[in-house]
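So the structure is just underneath, and the comments pick up after that.
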Amino acid sequence: MIDDSELQDFRTRIRESFDRQAAMHTIGAELTRIEQGTVEIELPFDPKLTQQHGLLHAGVISAALDAAGTYAAYSVIDPDASLLTIEFKVNLLSPGRGDRFLFRGEVTKPGTTIIVSDGRAYAIRPDGPAKLIASMTGTMMVVRGREGIEG
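This is the structure we're talking about:
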């Protein structure tokens, strides 16, 4: 866990790491909220990210939820550590139909070697409230001192 003197720095570390993540850039994802234990990523609808029925593809939903959950976990680790996802389970609850999508990751169980996070994906439409479209539970491994894997 990070101490109070390092709290100010986790937001910068998460933003810098997110900016290096080509996959999130490719799908047009934006980091919109960073708090200790919680991160939100938003994504505008793009027809290039849909499956054959015009709905947001499950792979895109999964990738954005994984990123949100992992960055939430980044907010509770030491500055010299990094993370790798080692497992996740996604439940697709409703079709991915919306103008924008919100992916919220929250730390469920912080730890020094393994961290568990939960995520929720919402479709946002102008004609109604946000609709829950998917949930995820992910497990991340804390990595230290491994060449090529850093914050």
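Here the sequence shown stands for residues 271 to 421, numbered as in this note's numbering. Ideal Cβ placement from N, Cα and C applies to all residues, glycine included. Since the structure is predicted, the reported quantities are computational estimates derived from the model, not experimental observations.
Backbone secondary structure at residue i - three-state DSSP
i: residue 332; result: helix
i: residue 290; result: helix
i: residue 303; result: strand
i: residue 380; result: coil
i: residue 349; result: coil
i: residue 326; result: strand
Proximity to residue i [Cα-Cα], best of the options
i: residue 284; options: 293, 301, 296; result: 301
i: residue 413; options: 312, 384, 281; result: 384
i: residue 318; options: 378, 327, 312; result: 327
i: residue 398; options: 370, 347, 312; result: 370
i: residue 403; options: 357, 373, 350; result: 373
i: residue 388; options: 416, 357, 324, 315; result: 357
i: residue 341; options: 290, 362, 316, 325; result: 290
For residue j and residue i, believed in contact at Cβ under 8 angstroms, the rounded distance
i: residue 297; j: residue 281; result: In fact, because the Cβ distance is near 22 angstroms, the residues do not count as touching under 8 angstroms.
i: residue 331; j: residue 366; result: 6 angstroms
i: residue 391; j: residue 335; result: 6 angstroms
i: residue 311; j: residue 351; result: So it is not a contact: roughly 21 angstroms between Cβ atoms.
Beta carbon of residue i nearer than 8 angstroms to that of residue j
i: residue 354; j: residue 411; result: yes
i: residue 343; j: residue 377; result: yes
Strand pairing of residue i, partner residues [DSSP]
i: residue 392; result: 372, 402
i: residue 357; result: 409
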